[in-house]
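Numbering (full-length UniProt numbering), first residue to last: 1 to 779. For glycine and all other residues, C-beta sits at the position ideal for the given N, C-alpha and C. Remember, predicted model here, so these are calculated numbers, not experimental data. Encoded as structure tokens, the structure appears first; notes follow it.
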Amino acid sequence: MFCTSCGKELAEGTKFCTQCGKPVVRVVPREEQAGAGAAMAPASEEVAVASSNESVAAAEEAAADTKAAAVAEEAAADARAAEEALWPTGVEDASSAEPTHVMPQQADAAPWVTGAPQQPADSTRMMPQQPAPSAPQQASPHTKKPIALIAAIVGIVAVILIGVCVFVLPHLTGGNVVFFGQRDALACSVVTRIQPRDALGNDLTSYVVRLAERTADNMEDDGAPTLGEVISEIRVTGTGGFTFEDFGEIPDGEYTMVIIDGETGEEYYNDIDYDHDQTTTNETYIIQPEPEREGDSAPAPNEEPAPERPTEDQLAYAAYYGKCQELIEQYGEPASIDLYDGQETMLTGLALAELIDFDGDGSDELLTIVCNLEVQDGAIAELKHDGYLVAVWDYQDGELLQVYDRASEFSNGGAYFQYLYEREGTPVMGTSWYGEAAEPMVEEYHSGYFMLEDEAFETAAQRNSFFNYDTGDSTESFAIGGTEATSEQWDAFVAETPATHCYSLVQFNSDFGTEGEGSTMEEVDVYGCMTATDETLDELVSGAGPALEGEGASTDEAGDGQASAAAYAYELIEEDVTFTSSQGVDMEWDETQRWAYPRFTREDGGTDAVLDALNEELQASFEGDREATQAWEFDGGTTQVTVHRDTVTYLEGSIACVRSERWVFAGGAHGNESMRATFYDLSTGERIAVEDACGVSWDTLVQEAHAAIETYCEQDPNFSCNATTLSEIAGDPERYYATADGIVVCVDPYQIAPYSYGMQLIYVHAFEDESLVGTAAPL
Numbered sequence: 001m002f003c004t005s006c007g008k009e010l011a012e013g014t015k016f017c018t019q020c021g022k023p024v025v026r027v028v029p030r031e032e033q034a035g036a037g038a039a040m041a042p043a044s045e046e047v048a049v050a051s052s053n054e055s056v057a058a059a060e061e062a063a064a065d066t067k068a069a070a071v072a073e074e075a076a077a078d079a080r081a082a083e084e085a086l087w088p089t090g091v092e093d094a095s096s097a098e099p100t101h102v103m104p105q106q107a108d109a110a111p112w113v114t115g116a117p118q119q120p121a122d123s124t125r126m127m128p129q130q131p132a133p134s135a136p137q138q139a140s141p142h143t144k145k146p147i148a149l150i151a152a153i154v155g156i157v158a159v160i161l162i163g164v165c166v167f168v169l170p171h172l173t174g175g176n177v178v179f180f181g182q183r184d185a186l187a188c189s190v191v192t193r194i195q196p197r198d199a200l201g202n203d204l205t206s207y208v209v210r211l212a213e214r215t216a217d218n219m220e221d222d223g224a225p226t227l228g229e230v231i232s233e234i235r236v237t238g239t240g241g242f243t244f245e246d247f248g249e250i251p252d253g254e255y256t257m258v259i260i261d262g263e264t265g266e267e268y269y270n271d272i273d274y275d276h277d278q279t280t281t282n283e284t285y286i287i288q289p290e291p292e293r294e295g296d297s298a299p300a301p302n303e304e305p306a307p308e309r310p311t312e313d314q315l316a317y318a319a320y321y322g323k324c325q326e327l328i329e330q331y332g333e334p335a336s337i338d339l340y341d342g343q344e345t346m347l348t349g350l351a352l353a354e355l356i357d358f359d360g361d362g363s364d365e366l367l368t369i370v371c372n373l374e375v376q377d378g379a380i381a382e383l384k385h386d387g388y389l390v391a392v393w394d395y396q397d398g399e400l401l402q403v404y405d406r407a408s409e410f411s412n413g414g415a416y417f418q419y420l421y422e423r424e425g426t427p428v429m430g431t432s433w434y435g436e437a438a439e440p441m442v443e444e445y446h447s448g449y450f451m452l453e454d455e456a457f458e459t460a461a462q463r464n465s466f467f468n469y470d471t472g473d474s475t476e477s478f479a480i481g482g483t484e485a486t487s488e489q490w491d492a493f494v495a496e497t498p499a500t501h502c503y504s505l506v507q508f509n510s511d512f513g514t515e516g517e518g519s520t521m522e523e524v525d526v527y528g529c530m531t532a533t534d535e536t537l538d539e540l541v542s543g544a545g546p547a548l549e550g551e552g553a554s555t556d557e558a559g560d561g562q563a564s565a566a567a568y569a570y571e572l573i574e575e576d577v578t579f580t581s582s583q584g585v586d587m588e589w590d591e592t593q594r595w596a597y598p599r600f601t602r603e604d605g606g607t608d609a610v611l612d613a614l615n616e617e618l619q620a621s622f623e624g625d626r627e628a629t630q631a632w633e634f635d636g637g638t639t640q641v642t643v644h645r646d647t648v649t650y651l652e653g654s655i656a657c658v659r660s661e662r663w664v665f666a667g668g669a670h671g672n673e674s675m676r677a678t679f680y681d682l683s684t685g686e687r688i689a690v691e692d693a694c695g696v697s698w699d700t701l702v703q704e705a706h707a708a709i710e711t712y713c714e715q716d717p718n719f720s721c722n723a724t725t726l727s728e729i730a731g732d733p734e735r736y737y738a739t740a741d742g743i744v745v746c747v748d749p750y751q752i753a754p755y756s757y758g759m760q761l762i763y764v765h766a767f768e769d770e771s772l773v774g775t776a777a778p779l
């Protein structure tokens with residue numbers, strides 16, 4: 001037989017030409033095609049081309065068996081092009097060509113082709129009418145490759161590559177790297193290991209893991225998933241991660257895994273599809289926060305974050321706080337004294353500070369009243385109209401402005417007071433005062449209501465009264481909104497502007513509170529004014545936030561509203577400590593943990609002898625534990641400290657609280673965790689009791705702890721407590737530590753919950769938000 005492209009004589013059965021590399025096709029002469037056509041019914045208009053069809057099939061099979069569909073499709077296209085080049089349809093006019101057919105036994109083996117010269121099955125030579133391909137169509141036998149063979153090789157290579165990616169790379173890299181918070185659930189079995197990392201790619205070394213029922217796929221407004229019942233919780237230390245075997249026996253199902261970083265308190269979430277016996281799940285997941293996208297504003301790992309910029313409200317609160325301190329410096333601290341052998345009580349110093357939104361714009365203004373009276377021998381030295389000075393301050397465009405400046409009202413008997421009114425939902429200031437009459441024997445008296453408009457208080461309504469002592473005549477005039485009004489209009493305005501508060505500044509103790517039960521006005525006595533002032537000072541410090549940083553503003557621990565400079569600061573010294581631990585002969589392993597201790601300084605960064613001694617004590621404890629831990633041996637008869645973390649949880653004025661976290665190990669399945677705390681007075685370096693540090697009596701704190709722990713246990717059926725355990729926990733003063741929000745008690749593992757739940761930290765006393773009591777405090 002001969003090649004139909006170049007004419008080279010080939011051995012019978014050859015599929016590809018050894019000279020030009022093209023597929024070899026058996027050709028049926030045209031006259032035999034006609035004879036065959038007369039003997040059988042036409043079945044198609046195409047002729048079998050076996051070798052070319054094999055090329056197409058090989059390419060299509062490669063595309064189906066691999067994910068390199070594009071490469072396989074290209075190979076198939078090349079094969080079809082070779083087929084068309086072999087049997088060009090333009091040789092004859094398709095409309096005049098006679099239909100050709102194959103023998104019945106060939107019908108299922110190959111397609112049909114029209115207008116192409118054919119050859120009998122036993123023919124070995126090409127018919128003369130079949131022209132040989134022109135020279136440009138030939139290819140060198142050294143460069144022309146069989147198309148089907150190329151396609152098959154491509155398919156095999158693609159399959160191998162996919163297999164390497166799916167089955168080999170995960171084992172070489174240690175597992176799949178996935179991200180916290182991704183919406184695709186992680187398929188896990190009992191042997192799956194989770195290795196959590198932080199945003200910098202460092203392994204987390206101390207964290208809590210909770211496994212909760214997955215209740216919905218939707219997210220809450222804050223981005224956290226909705227969670228059902230927590231079915232298991234473990235605490236993990238070290239860099240080895242954890243497996244699902246660590247959770248104990250848990251049923252197959254859909255869960256949400258919550259990982260809480262013990263260093264930062266950050267919470268990370270991932271959905272889990274758990275099948276205990278699943279053998280095809282990944283053995284290890286490396287899980288970490290998603291990398292920052294281009295354009296994100298987060299600082300680089302070694303870049304210091306930009307300082308927090310105070311808001312307008314925080315700047316206003318800082319300005320108000322500064323004004324209060326200025327008034328305290330000028331007039332004295334808020335206080336009260338008795339007059340006339342206890343018949344009267346009066347406020348001195350900063351008599352009142354209240355935050356009130358006078359214009360209803362959502363931002364508070366500051367109302368202040370200061371005492372301008374002198375007291376001698378238990379009596380007011382001189383009764384005068386401006387005995388108490390009333391002011392309202394507003395923070396506008398970065399500047400503190402005084403927008404109201406008048407004296408309070410007073411009675412002939414010597415009582416001083418300030419009314420607050422309301423009109424159409426807006427607070428209104430009101431007062432009465434004596435004027436300077438043009439005539440000597442004429443007394444001038446005024447009453448007015450004032451409302452904050454734009455940048456200052458304006459007169460909303462005013463009554464002017466005149467009395468002539470010579471003639472006995474009295475006259476009145478009225479104005480509302482700057483326009484002359486009648487007495488009826490005045491009366492209507494007064495009725496529509498009721499009093500809401502009466503602040504007593506100098507009060508007669510015998511008749512205070514005589515407004516009657518039916519009155520809606522709140523009467524605030526001298527002591528109520530002092531309480532309101534203390535609360536306002538605290539609110540200003542809290543609300544100012546970073547706007548007061550560097551100003552040294554804080555309130556003292558006694559809660560008397562007196563401000564004092566925060567004279568101390570601290571830094572946390574952290575160090576990775578590597579040591580060898582063991583569970584017996586030939587069962588040693590190396591472990592690295594992040595240890596820490598604080599170093600205290602004055603606010604200016606310096607120290608003194610007291611601070612130096614305390615810092616040396618904290619450092620010596622750290623170094624002593626490290627030395628002992630690195631020298632520890634399994635059969636030495638001592639426990640090994642695997643974690644030593646002393647952190648500052650509270651610093652107010654000179655009072656600091658240091659919480660000490662320890663993990664100890666003495667062989668066995670796991671170590672044990674404990675937390676205890678110490679309060680220090682940094683001015684003296686002495687340890688002080690929790691009740692002295694926080695201003696709560698010991699008996700009260702113990703009672704609050706009992707109630708809070710019982711409330712906490714009621715929230716989880718896996719928790720339980722009895723009277724003995726409660727007394728042991730609540731009666732141990734070292735278990736209490738303070739935060740900015742309140743006092744927390746530490747409950748060791750096993751005391752009220754299984755070991756897998758870890759240490760329980762419970763709020764037992766709140767400084768402000770009572771809803772915290774009986775809830776878990778952050779680590």
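Can you find a heavy atom of the ligand NAD that lies under 8 Å from the Cβ of ASP359? Absence of the ligand NAD is noted for the structure shown, with no ligands found whatsoever.
Okay, do the segment 393-406 and the segment 341-356 touch, 3+ Cβ pairs below 8 Å being the bar? no
In chain order, what residues of the same chain lie with their CB nearer than 6 Å to the CB of ILE573, ignoring the 5 residues before and after it? What you label residue 573 is simply residue 573 of the sequence shown in a count that begins at 1. The residues are TYR597 and ARG599.
Option nearest PRO440 by Cα separation, candidates PHE417, TYR421 and THR471: To locate residue 440, count along the sequence shown from 1; it is residue 440. Out of PHE417, TYR421 and THR471, THR471 has the C-alpha closest to the C-alpha of PRO440.
I need the straight-line Cα distance from GLU354 to THR311, nearest angstrom please. Here residue 354 is taken as the residue at index 354 of the sequence shown, counted from 1. Here residue 311 is taken as the residue at index 311 of the sequence shown, counted from 1. If I take the Cα positions, the gap works out to 21 Å.
Just to confirm, is the Cβ distance from GLN314 to ALA492 under 9 Å? By 1-based counting over the sequence shown, the position of residue 314 is 314. By 1-based counting over the sequence shown, the position of residue 492 is 492. Result no, Cβ atoms of GLN314 and ALA492 do not sit closer than 9 Å.
Which of helix, strand or coil does DSSP assign to ALA316? Along the sequence shown, one-based indexing puts residue 316 at 316. Correct three-state label for ALA316: helix.
Taking C-alpha atoms, which residue in GLU424, GLY425, GLU476 and GLY430 lies nearest to PHE417? Start at 1 with the first residue of the sequence shown, and residue 417 comes out as number 417. Nearest of GLU424, GLY425, GLU476 and GLY430 to PHE417, Cα basis: GLY430.
Identify the residues that DSSP records as bridge partners of residue 799: which are they? Because the chain spans 1 through 779 in this model, residue 799 falls outside it and cannot be assessed.
The beta strand (DSSP E) enclosing ARG594, as first and last residue numbers: Here the question's residue 594 lines up with position 594 in the sequence shown. Run containing ARG594: 588-602, per the beta strand (DSSP E) assignment.
Output the boundary residues of the beta strand (DSSP E) element that contains ASN464. Along the sequence shown, one-based indexing puts residue 464 at 464. Segment 456-468, the beta strand (DSSP E) holding ASN464.
Using the rule of at least 16 other Cβ atoms within 10 Å of the residue's Cβ for burial, across every protein chain shown, is MET587 buried or exposed? In the sequence shown, counting from the first residue as 1, residue 587 sits at position 587. MET587 should be labelled exposed.
Mapping the DSSP letters down to three states, classify PRO749 as helix, strand or coil. Numbered from 1 along the sequence shown, position 749 holds the residue referred to as residue 749. If DSSP states are grouped into helix, strand and coil, PRO749 belongs with coil.
Could you give the DSSP three-state label for LEU211: helix, strand or coil? Position 211 of the sequence shown holds residue 211. Looking at LEU211 - three-state DSSP - the assignment turns out to be strand.
Alpha carbon to alpha carbon, how far is ALA569 from GLU652? Give it in angstroms, no decimals. One-based indexing of the sequence shown puts residue 652 at position 652. One-based indexing of the sequence shown puts residue 569 at position 569. Cα-Cα distance, rounded: 10 Å.
N- and C-terminal bounds of the alpha helix (DSSP H) containing CYS529: For the purposes of this step, residue 529 is taken as the residue at position 529 of the sequence shown. 526-544 is the span of the alpha helix (DSSP H), which, as asked, contains CYS529.
Let me know the secondary structure DSSP gives TRP393 once reduced to three states. As a first step, residue 393 is located in the sequence shown; it is residue number 393 there, counting from the start. If DSSP states are grouped into helix, strand and coil, TRP393 belongs with the strands.
Between TRP663 and THR237, which are expected to be in contact by the criterion C-beta below 8 Å, what is the C-beta distance as a whole number of angstroms? Start at 1 with the first residue of the sequence shown, and residue 663 comes out as number 663. Start at 1 with the first residue of the sequence shown, and residue 237 comes out as number 237. Contact holds; Cβ gap of about 6 Å.
Just the Cα atoms here: how many angstroms apart are ARG735 and TRP393? The residue given as residue 735 occupies position 735 in the sequence shown. The residue given as residue 393 occupies position 393 in the sequence shown. Near 45 Å, if we compare the C-alpha coordinates of TRP393 and ARG735.
Looking at the secondary structure, which residues open and close the alpha helix (DSSP H) in which LEU726 lies? One-based indexing of the sequence shown puts residue 726 at position 726. LEU726 -> alpha helix (DSSP H) spans 723-730.
Would you decide whether VAL585 is buried or exposed? Buried here means 16 or more other CB atoms lie within 10 Å of its CB. Here residue 585 refers to the residue found at position 585 of the sequence shown. That one is exposed.
Report yes or no: do the segment 182-198 and the segment 265-272 share at least 3 C-beta pairs separated by less than 8 Å? yes
For LEU200, is the classification buried or exposed, using 16 other Cβ atoms within 10 angstroms of its Cβ as the cut-off for buried? Taking the sequence shown and counting its residues from 1, one reaches residue 200 at position 200. LEU200 comes out exposed.
ILE194 vs GLY241 beta-carbon contact at 9 Å: For the purposes of this step, residue 194 is taken as the residue at position 194 of the sequence shown. For the purposes of this step, residue 241 is taken as the residue at position 241 of the sequence shown. Contact flag set, yes.
With respect to the alpha helix (DSSP H) encompassing ALA187, which residues constitute its N-terminal and C-terminal limits? For the purposes of this step, residue 187 is identified with residue 187 of the sequence shown, where counting begins at 1. Note, ALA187: premise wrong, no alpha helix (DSSP H); beta strand (DSSP E) at 186-188.
Determine whether the beta carbon atoms of GLU539 and TYR340 lie at a separation below 9 Å. Stepping through the sequence shown from its first residue, residue 539 is reached at position 539. Stepping through the sequence shown from its first residue, residue 340 is reached at position 340. Not closer than 9 Å, so no.
Using three-state DSSP, classify LEU339 as helix, strand or coil. Position 339 of the sequence shown, counted from the first residue, corresponds to residue 339. DSSP places LEU339 in strand when its eight states are reduced to three.
Rounded straight-line distance, which links the Cα of ASN615 to that of ARG210: Reading the sequence shown from its first residue, position 210 is the one you call residue 210. Reading the sequence shown from its first residue, position 615 is the one you call residue 615. When rounded, the distance between both Cα atoms is 37 Å.
Take GLU213 as the anchor and find which of SER771, GLU233 and ASP590 has the nearest alpha-carbon. Here residue 213 is taken as the residue at index 213 of the sequence shown, counted from 1. With distances taken between Cα atoms, GLU213 lies closest to GLU233.
With LEU383 as the anchor, note down where its alpha helix (DSSP H) starts and where it stops. As a first step, residue 383 must be located in the sequence shown, where it is residue number 383. LEU383 -> no alpha helix (DSSP H), and no H or E assigned at all.
Under the DSSP definition of a beta bridge, which residues are partnered with PRO310? Looking up residue 310 in the sequence shown gives position 310. For PRO310, which the question treats as bridged, DSSP gives no partner whatsoever.
Nonlocal neighbours in the same chain, by C-beta distance under 6 Å from GLY435, ignoring five residues either side: For this step, residue 435 is matched to residue 435 along the sequence shown. Taken in chain order, the residues that qualify are GLU444 and HIS446.
Residue from MET257, VAL524, ALA567 and VAL643 whose Cα sits closest to the Cα of GLY624: Numbered from 1 along the sequence shown, position 624 holds the residue referred to as residue 624. Of MET257, VAL524, ALA567 and VAL643, the residue nearest in Cα terms is VAL643.
Cβ separation of VAL690 and PRO733, assumed to be a contact under 8 Å, to the nearest whole Å: Here residue 690 is taken as the residue at index 690 of the sequence shown, counted from 1. Here residue 733 is taken as the residue at index 733 of the sequence shown, counted from 1. With a Cβ gap of about 6 Å, VAL690 and PRO733 count as contacting.
Extent of the continuous alpha helix (DSSP H) run through ASN615: Looking up residue 615 in the sequence shown gives position 615. Looking at the DSSP string, the run of the alpha helix (DSSP H) that includes ASN615 is 609-631.
Find out if the Cβ-Cβ distance for the pair GLU283, PHE179 is shorter than 9 Å. The residue labelled residue 283 in the question sits at position 283 within the sequence shown. The residue labelled residue 179 in the question sits at position 179 within the sequence shown. Cβ distance not < 9 Å, so GLU283 and PHE179 don't count as in contact.
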